[in-house]
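Engineer: Below you'll find the structure I mean.
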Amino acid sequence: MTNSASKPIVIVGGGHNGLVSATYLAKAGHKVKVLEAREVVGGAASTTSFAEGYRVSGVAHILYALNPKVCRDLQLESMGLNPGTSIDTIALAQDGNHLTLGRNAVTGVDLSQKDIRAYTNFKKEFRSYAKALTPLMMNKPPRLKDMDRRDLSTLAKVGWKLRFGLGANSMREFLRVGGINIYDVLNEVFDDSRLKGVIAADAVLGHHMGPRTPTTVLTYLYRLWGEIHGSQSLPIGGMGKISETLAKAATKAGATIVTSAKVKRIVVDDGKVSAVELETGELIEASIVISNADAKTTFLDLVGTVELDAMFCHRIDTSRTKGNVAKLHLALNASPQFAGLSRSQLAQRLLIAPDMRYVEHAFNHAKYGEYSEQPVLEIVIPSIDDPELAPKGHHVMSISASFAPYSLKQGWENHRDRFANKIVDLIEHYAPGFSDLIVAKELLTPLDIEAQYNISGGHWHHGELTIDQSFMMRPIHGVAQYDTPIAGLFLCGAATHPGGGVTGIPGHNAAKRILAMGAGK
Amino acid sequence: MQSIEQQKTRLHDPDEVLKPTPFHERVEKHCRLRNWMSWNGYLTARVYDTLASEYFAIRSSCSVMDLTPMEKYRIIGPDALKFLNRLVVRDVSNLKPLRVTYVAWCNDEGKALDDGTIFHLRQGEYRLCSQHHQLDWLLMSSLGMDVTITEETHDVAALAVQGPTSYSVLSAAGIKGLDKLKLFGILHTELNGFKVMVSRTGYTGDLGYELWTEPVNSLMLWDAIFSVKETGLYDVRAIGLAALEMVRIEAGFIMPGDDFNTAETTIRAGHDRSPFEIGLGWAVNFDKPHFTGKKALQEEKDRPIKRRLVKLMVEGNKPPVDSFLYDKRKGRRVGTIKSQIWSPILKANLTLADIEYHKGKPPAEIWAEIYYQKELEWQVTWARCTISKDPFWSHPRRSATPPERF
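Residue numbers (this note's numbering), protein chains in the order written: chain A, 12 to 532; chain B, 971 to 1376.
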């Protein structure tokens, strides 16, 4: 593989993973050009203004610790990376008897000692499972057929960590629960239904899954994996600030970032990448193109099926990428009052998922193409700690509402307002009088996320993180190692292993893979 | 609202196990042996009266076969040609209107799914004929392309009219313009006031035509052809699939599903076959835009071939049915016979056989172990085999234009 000095490595999409890849490759001495369709970098990790004077994180609104290796390698701290103050999760209760779930401990006035102890043990145990998977996360997923040395070493490390890191008993337990559903596991561990409800919600958030869906333990572990390195936090200035910092690092390393440059086509010539064509018609020659876009957009839209094998296209086409979460942004003219919540508690992550049956019922609707009658809500009010996001005394509220299926049976056109009102009405039960404070609102259904953020299906993770679409099968088997059937075309986004979230890991792994394959040298 | 009974009649008749073709009224009359079989779910004659007379009708006079059960797909739309060229391993970008070409297609791994013919019916309008049902694969392959694919197996009635006198018979039946029709050419014409399409194609390796019309015209077409027999000048004989099997082996044409396991139906690793392995390497063009399986086939092309379907002539007159093949008498097993016939015209055992190659070459010697019965006593014998590069049987009249008149 060669890359002449005149031809840059082109990265399609300036999402956070694209920026991470760009920085690694630029640091390694490559000429890198990042093309971002939107006016700002970051993609789903950006800050957006939804009403005059009110700003909020567009899609991803909570940071689960950018990967520390990425932070170190890219010297992000020296670039001014500020993850914000860490926050806890509060399980809202209508009677004001909330639970506060921290990294290691849970508190709540009427919580039993047994559950309090169980929570600490549970988190410790599950975090150790997540930790055992670290070698798998930070490397290209090993192929099971035709393994190379790196694949063997990854598998050996995972095996070692499972057996000797966890110990025989924990490993046995991990192998027992690894593929099953979170519903059964939580029923074994806890008594309190609020506690179970909120952990179950964490396991299914962003997915087309209910607590009883198999492999929801795995999705929970994926979420927990971020917790190994730090806590969840609300970045000051919104998620866009994180992406801006990454962009700064990329630029400093020598990469060029072009915004408002929407790529229309990845030009393929005889099975090899030859150029990238912009919507404007401009052609940028490249022998290496890295797509930060999801797999469907990359292969079916940008490359085009005619350049690829039929079954490959079919498998990409049938991968599950339909989003299930709507994002509601509210502008409030005063701080809302939740029953039993102090002001500092308002700055935490608030969850409405009173019990597991509630979450399962919310998901039931999604199975039949309906939105949840009683949605599961993840609420943050970032303006409590970051007043710059709203006019003085005013606030912004950012809500992820599950479930809001991409393919709504009756179509979203006439149902946006109804669903938004349903969410507001639900919050009203927990914060009486809150709806009178609303001065502006914006609901992003998965359809809107798809259109505004160029994500096929509007799925946060660029595709479900079920076991059949994870590891060496992400996005599908055969292209799970960041390279693709098209010579010179690579993937680096959330559609690749290990998946979505603002972690920077897919971008890191992709860059590592490209460098290992000898790109440009 | 229709009653449940009415709906049943409309959608599916549970008593109809095999579907009659539009020619059934005539086929049934001619099929005196009642030797029926299923071809793609259609009620089809295996043998009408005697196999020998049907075989010789193809080779010496004029045969008529009901071709309707062959899978047929209409492919139209702005991307039709792009779609077809991405589907098949052969370059069909230059297929002109009114021309037909033989093609094969593969899955992503470069293993053969089926073979067939593409008819460029008129500008931008194509028909793909295949041995097996392919609608799902075609639809899958059409993702992202502006193309409409319609299964028309039930909507097009077809007859194969093959043999040395087929040109004369069809001309006598009133079809004009055949003198100019070249091999793999298409002619849209009229016969007794109804539209019929004629293509100079076939599965016999001899002079022959295939006639295509709407099902409503099917009996008129059949009668027009058989009426020529009444003049007393030509024999015209309906033939079944058994006779076709004989002539297609003589002509060296392979049958997907019989001579090789199609990739779609293969479960065990290594039991599927690439075009190179079934002797269709000549139909693979790499110098064309991407097609499904291209990458895999390019990689395979650079390695020495490991096995091949070959035309194998077996000495003697004992039928080498399902015989194993060895590199010498009682030697190492190197292959198996897939299809075989006794060729009455060549007086030889002709077979298609799957042979292992070593370093890209076939074994120096090939021997067939043949089990046969003599008055119900089983015997075993060994017969030397030779690979034939060319079809066992071919005739210049297959492509002579205009064909010789009888």
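We put the CB at the ideal spot given by N, CA and C, even for glycine.
#1: Taking the C-alpha atoms as reference points, what is the distance between G422/A and L455/A?
#2: Note down, in chain order, all residues in the segment 319-351 of chain A with a beta-carbon under 8 Å from any beta-carbon belonging to chain E.
#3: Pair every Cβ in the segment 508-520 of chain A with every Cβ in the segment 78-89 of chain A, then say whether three or more of these pairs are closer than 8 Å.
#4: Please name the residue, chosen from L341/A, D99/A, V391/A, that lies closest to V435/A on a Cα-to-Cα basis.
#5: Taking the beta strand (DSSP E) that C1001/B falls in, what are its first and last residues?
#6: Taking only beta-carbon atoms, is H155/A less than 9 Å away from chain B?
#7: Enumerate in chain order the residues of its own chain whose CB-to-CB distance from K989/B is below 7 Å, with the five nearest sequence positions on each side excluded.
#8: Just tell me which of V1062/B, P1245/B, D1297/B, H1260/B has its CA closest to the CA of A1338/B.
#9: Can you give the Cα-Cα distance for P1361/B and M1115/B, rounded to whole angstroms?
#10: Just to confirm, are V279/A and I497/A a CB contact at a threshold of 9 Å?
#11: Distance, Cα to Cα, F185/A vs H508/A?
#12: How would you label L155/A, buried or exposed, when you count the other beta carbons within 10 angstroms and need 16 or more for buried?
#13: Name the residue from G468/A, H240/A, F501/A, A462/A whose alpha carbon lies nearest to the alpha carbon of A48/A.
#14: For L1051/B and chain A, any beta-carbon pair shorter than 9 Å?
#15: Whole angstroms are fine: how far does the CA of G217/A sit from the CA of V196/A?
#16: Following the continuous alpha helix (DSSP H) through T369/A, name the residue where it begins and the one where it ends.
#17: In the DSSP output, what is G1178/B paired with across the bridge?
#18: Between which two residues does the alpha helix (DSSP H) harbouring E1024/B extend?
#19: When Cβ atoms are compared, which residues of the segment 300-315 of chain A fall closer than 7 Å to chain B?
#20: Closest by CA to F1164/B, which one among V1186/B, V1206/B, V1058/B?
#21: Can you find a C-beta in chain A that's less than 9 Å from the C-beta of D1078/B?
#22: Does DSSP classify W1352/B as helix, strand or coil?
#23: Can you tell me whether M1040/B is helix, strand or coil according to DSSP?
#24: Apart from the five residues just before and just after V120/A, which ones in its own chain have a Cβ nearer than 7 Å to its Cβ?
#25: I think R234/A touches D213/A, with their Cβ atoms under 8 Å apart; what is that distance to the nearest whole Å?
#26: Looking at chain A, is there any beta carbon in it that lies within less than 9 Å of the beta carbon of R1238/B?
#27: Under 8 Å: do the segment 1173-1181 of chain B and the segment 1023-1039 of chain B share three or more Cβ pairs, one atom per stretch?
#28: Looking at the secondary structure, which residues open and close the alpha helix (DSSP H) in which T262/A lies?
#29: With 9 Å set as the bound, which would you pick, yes or no: does the beta-carbon of V317/A sit closer than that to a beta-carbon of chain B?
#30: Is any beta-carbon of chain B found at less than 9 Å from that of V407/A?
#31: When burial is assigned at 16 or more other CB atoms within 10 Å of the CB, is W171/A buried or exposed?
#32: Name, going along the chain, the residues of the segment 1102-1115 of chain B whose beta-carbon falls closer than 8 Å to a beta-carbon of chain A.
#33: DSSP state of F1362/B, grouped into three classes?
#34: Report yes or no: is there a C-beta of chain B within less than 9 Å of the C-beta of P496/A?
#35: Measure the C-alpha to C-alpha separation of A451/A and K338/A and round it to an integer number of angstroms.
#36: How close, in whole Å, do the beta carbons of A1208/B and H994/B come, if the pair is a contact with beta carbons under 8 Å?
Structural biologist: Short version:
#1: 14 Å
#2: Looking at the structure shown, chain E is missing, and the protein chains on hand are A and B.
#3: yes
#4: L341/A
#5: Segment: none, C1001/B is in no beta strand (DSSP E) and carries neither H nor E.
#6: The residue asked about is misnamed: residue 155/A is Leu in this sequence, not His. False, the Cβ-Cβ gap to chain B never drops below 9 Å.
#7: G1011, Y1012, L1013
#8: D1297/B
#9: 38 Å
#10: yes
#11: 21 Å
#12: exposed
#13: A462/A
#14: no
#15: 20 Å
#16: Looking at the sequence itself, residue 369/A is Tyr, so the reference to Thr does not match. Run containing Y369/A: 367-378, per the alpha helix (DSSP H) assignment.
#17: Q1132/B
#18: 1021-1030
#19: L311, G315
#20: V1186/B
#21: yes
#22: strand
#23: coil
#24: N108
#25: 6 Å
#26: no
#27: yes
#28: 250-264
#29: yes
#30: no
#31: exposed
#32: W1107, M1110, S1111, L1113, G1114, M1115
#33: coil
#34: yes
#35: 14 Å
#36: Rounded, the Cβ-Cβ distance is 12 Å, inconsistent with contact.
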